[in-house]
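Residue numbers (my numbering): 1 to 77.
What follows is the structure, encoded as structure tokens:
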């Protein structure tokens, strides 16, 4: 099980807001496939899957604020 954490989006930002998930639990993703849109103070950023696998669990819902370094999603594979 791979825990993917919200990466540092630059410019000293400490959190982002989940705008929309582009995947759901049970989906199979490929590496670099767009996975989630996150809104920061500066811009909306699309975050790709860091690796291929099956989405096991989403740790945030649309509208949730997530701190940099917090687990966003668990990926099997």
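Glycine included, C-beta positions come from ideal geometry on N, C-alpha and C. All figures in this text were calculated on a predicted structure; none of them were measured in a lab.
Original post:
By a C-beta neighbour count over all protein chains shown, 10 Å radius and 16 as the cutoff for buried, is residue 28 buried or exposed?
Top reply: exposed
Subject >> Exposed unless 16 or more other CB atoms sit within 10 angstroms - verdict on residue 52 >> reply: exposed
Subject >> CA-to-CA distance, residue 45 to residue 76, given in whole angstroms >> reply: 24 Å
Original post:
To the nearest whole angstrom, what separates the beta carbons of residue 61 and residue 17, a pair I think is in contact under 8 Å?
Top reply: Actually they are not in contact, since the Cβ atoms of residue 61 and residue 17 sit about 11 Å apart, beyond 8 Å.
Original post:
Can you tell me the Cα-Cα spacing of residue 67 and residue 31, whole angstroms?
Top reply: 23 Å
Subject >> Whole-Å CB distance - residue 41 paired with residue 22, under 8 Å assumed >> reply: Not a contact, Cβ separation roughly 22 Å.
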